[in-house]
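J.:
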Amino acid sequence: MSHYFTNNDKTLKSNPQVIAFRVHDTDFSCTTDHGVFSKDSLDRGTAVLLNHLKVEATAKTALDLGCGYGPIGLVLHRVFGLEVDMVDVNERALSLATTNIKQNDAIATVFYSDGFNDVNRSYDLIVSNPPIRVGKEKLYQLLSGAVHHLHPGGSFVFVINKKHGAKSALHYVETIYSSVEVLGKDKGFYVITCKK
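Numbering (the UniProt record's numbering), first residue to last: 1 to 196.
See below:
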C-alpha cells in the first residue's frame, strides 16, 4: 500500500480501468490503475470532502495536494471554475491525472512534488485527502505546510477520519491557522477548513 504515496514502482503491473462518479450534479469519468489510491471507485473520504466543499467567490487559484488520479482537481476546475495545480509523489498517479484532465475536458497543471517541496507559489485554496498512512509526523508536516502556500485569507481544506486522528489533527491546525471550522462530518470523516 505504501506505493500510493511513494515514487512509482516501475515493476508494478498496469491494468487501467475507468470509473465514474457524480459530484455537485456534474458527471466525471476517470481512468485509474494499480498503484494509485482507491482505483476501483471514488473513495468515501474524497466523496465526503467534495460534497462538503465550499469555495469562496473570490477564490481563483487552487492546489490539489496529493492528487492521485485527479478527482479533487477535476471538481475544483469543472464545478468551481478555478485555475488548478495538481501535485503528487506517485508518477503513475500524475500520468493518470493528466489523462483524466483531457478525458473530462478540464484544464489543470500537473507536476511532481513530495508534499510542498516543489510547490513554488501560493493559492487561494488548497484541498487534500492527505495520505494518513505516511505517519503522524509527515501528515502534520502537510497540514502545517499549507499555511506557507496560501494567499492572505486563503483556505486549506482537508478530510480525515475520526479513527485516524481527526480530533487531534483539528486541535493541531487550530494552533497554526487564524480560524478553523469543521465544514461537515459524515460516516466518521471530518471535513476541516483552515483559514490563513
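The beta-carbon is built from N, C-alpha and C at its ideal position, and this holds for glycine as well.
Which residues share a DSSP beta bridge with A62?
T.: Against the sequence shown, residue 62 aligns to sequence position 62. In DSSP, A62 forms a bridge with V84, L125.
J.: Throw me the rounded Cβ distance for the L94 and V119 pair, which I believe falls under 8 Å.
T.: Locating residue 94 in the sequence shown gives position 94, where the first residue counts as 1. Locating residue 119 in the sequence shown gives position 119, where the first residue counts as 1. Wrong, their Cβ atoms sit about 14 Å apart, outside the cutoff.
J.: Would you mind sorting V191 into buried or exposed? The rule is 16 or more other CB atoms within 10 Å of its CB.
T.: Start at 1 with the first residue of the sequence shown, and residue 191 comes out as number 191. Under this definition V191 is a buried residue.
J.: Would V147 and I176 be called neighbours here (beta carbons separated by less than 8 Å)?
T.: Translated into positions along the sequence shown, residue 147 becomes position 147. Translated into positions along the sequence shown, residue 176 becomes position 176. Yes, the pair counts as a contact, with Cβ atoms nearer than the cut-off.
J.: Over the uninterrupted alpha helix (DSSP H) stretch that includes residue 213, give me the two end residues.
T.: Because the chain here runs from 1 to 196, residue 213 falls outside it and cannot be looked at.
J.: Need the endpoints of the beta strand (DSSP E) that I192 sits in, please.
T.: Residue 192 sits at position 192 when you count from the first residue of the sequence shown. Run containing I192: 189-195, per the beta strand (DSSP E) assignment.
J.: Which term fits S155, buried or exposed, when burial requires 16 or more other beta carbons within 10 angstroms of its beta carbon?
T.: The sequence position of residue 155 within the sequence shown is 155, counting from 1. It counts as buried.
J.: From what residue to what residue does the alpha helix (DSSP H) around E91 run?
T.: Working through the sequence shown from its first residue, we reach residue 91 at position 91. Start and end: 91-103.
J.: Just tell me which of N117, G135, V134, Y123 has its CA closest to the CA of V55.
T.: Start at 1 with the first residue of the sequence shown, and residue 55 comes out as number 55. The candidate whose alpha carbon is nearest that of V55 is Y123.
J.: Taking Cβ positions, are L42 and I19 nearer each other than 8 Å?
T.: Here residue 42 refers to the residue found at position 42 of the sequence shown. Here residue 19 refers to the residue found at position 19 of the sequence shown. In contact: L42 and I19 (Cβ atoms closer than 8 Å).
J.: How long is the line joining the alpha carbons of L125 and F189, rounded to whole angstroms?
T.: Position 125 of the sequence shown, counting from 1, holds the residue named residue 125. Position 189 of the sequence shown, counting from 1, holds the residue named residue 189. Taking the straight line from one Cα to the other gives about 20 Å.
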